[in-house]
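For reference, the structure discussed in these notes is given below.
Residue numbers (this note's numbering): 3 to 267.
This is how it looks when you write it as structure tokens:
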């Protein structure tokens, strides 16, 4: 496996980041294995689908974040499952949880969203787990695109359990409006579900224009990520992406980037 780029801030303020998307099935599996996988991926941002939503869900989310040397950014039960975690490298401007319209008889869905700064760059984040119903799923893809645009940032990153493959209408809608990171720079594995014998790529990272995709895929073979831990952690495989966010115009009142941070891990 080719080496995955490390996180760093470049002298001009551009940021190279690692983004992990992971459906964790409400922590019903081996939490220690899950934490080992996440730590080995060394992410700056983790987009979690199916975070705990019921009794003491905040405590469970905080415990997982601590085990992964991360902090909870937003989401959880208040977003009906999507959760955002981040490293201390990330400065959070704001976070907002969004509940989507409910379809009678179906599980209510939501988005965990945030605006963050990394290095000299602002980015909007959106984590989602789309419906099992084909019609509702397609409508939720439209809402996702609207919400990501409304974050009004130079760059946007959406990590999604789409619940369908690239040939589906919701996936196609997202890939048509955003950049699907796997085909842009394939690395590692492709298929994410089911864990016992992955046949489908239903989990994906999408980005807006201007984001450079350096690598994206299931981190099979990444040092520290064992097949045993992947199998024990949850019922999905994770998607890990390395992205470069070019520096935009300086933020009002922002300090110039520190060149000593250019090789930060």
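All C-beta atoms, glycine included, are put in the ideal place defined by N, C-alpha and C. Quantities reported herein were computed from a predicted structural model and do not represent experimental measurements.
Distance CB(residue i)-CB(residue j) smaller than 7 Å
i: residue 99; j: residue 77; result: yes
i: residue 130; j: residue 116; result: no
i: residue 71; j: residue 249; result: no
i: residue 204; j: residue 167; result: yes
i: residue 19; j: residue 245; result: yes
i: residue 6; j: residue 217; result: yes
i: residue 242; j: residue 43; result: yes
i: residue 213; j: residue 157; result: yes
i: residue 219; j: residue 189; result: yes
i: residue 187; j: residue 215; result: yes
i: residue 50; j: residue 75; result: no
i: residue 84; j: residue 63; result: no
i: residue 69; j: residue 37; result: yes
i: residue 128; j: residue 150; result: yes
Alpha-carbon to alpha-carbon, residue j and residue i
i: residue 263; j: residue 106; result: Here the model assigns residue 263 a pLDDT of 42, short of 50, so the residue's position is not dependable, and the following value carries that caveat. Using only the alpha carbons, I get a separation of about 51 Å.
i: residue 196; j: residue 164; result: 14 Å
i: residue 134; j: residue 171; result: 13 Å
i: residue 208; j: residue 148; result: 14 Å
i: residue 12; j: residue 29; result: 36 Å
i: residue 253; j: residue 230; result: Legend: pLDDT at residue 253 = 44, less than 50; position of this residue unreliable, value from coordinates given subsequently. Between residue 253 and residue 230, the C-alpha separation is close to 45 Å.
i: residue 221; j: residue 66; result: 20 Å
i: residue 142; j: residue 104; result: 11 Å
i: residue 239; j: residue 24; result: 7 Å
i: residue 200; j: residue 233; result: 11 Å
i: residue 73; j: residue 146; result: 24 Å
i: residue 33; j: residue 48; result: 15 Å
i: residue 22; j: residue 228; result: 16 Å
i: residue 16; j: residue 144; result: 30 Å
i: residue 58; j: residue 88; result: 21 Å
i: residue 191; j: residue 175; result: 23 Å
i: residue 53; j: residue 122; result: 30 Å
i: residue 82; j: residue 173; result: 21 Å
i: residue 198; j: residue 31; result: 14 Å
i: residue 223; j: residue 35; result: 15 Å
8 Å contact criterion, which residue i and residue j should meet: CB distance rounded
i: residue 184; j: residue 206; result: 6 Å
i: residue 9; j: residue 91; result: 7 Å
i: residue 110; j: residue 79; result: Not a contact, Cβ separation roughly 11 Å.
i: residue 26; j: residue 236; result: 5 Å
i: residue 126; j: residue 153; result: 3 Å
i: residue 138; j: residue 108; result: 6 Å
Identity of the residues DSSP links to residue i by a beta bridge
i: residue 12; result: Partner(s): none; residue 12 has no beta bridge.
i: residue 18; result: 10 and 246
i: residue 163; result: 131 and 205
i: residue 77; result: 85
Proximity test, Cβ basis, 7 Å: residue i and chain B
i: residue 213; result: Absent from the structure is chain B; it holds one protein chain and no more.
Segments of 3+ residues assigned as beta strand (DSSP E) that fall wholly inside the segment 21 to 69: 47 to 51
Ranges of the alpha helix (DSSP H) found wholly within the segment 82 to 158, counting only runs of at least 4: 136 to 152
Minimum length 4: unbroken alpha helix (DSSP H) runs contained in the segment 170 to 239: 171 to 179, 183 to 186 and 229 to 235
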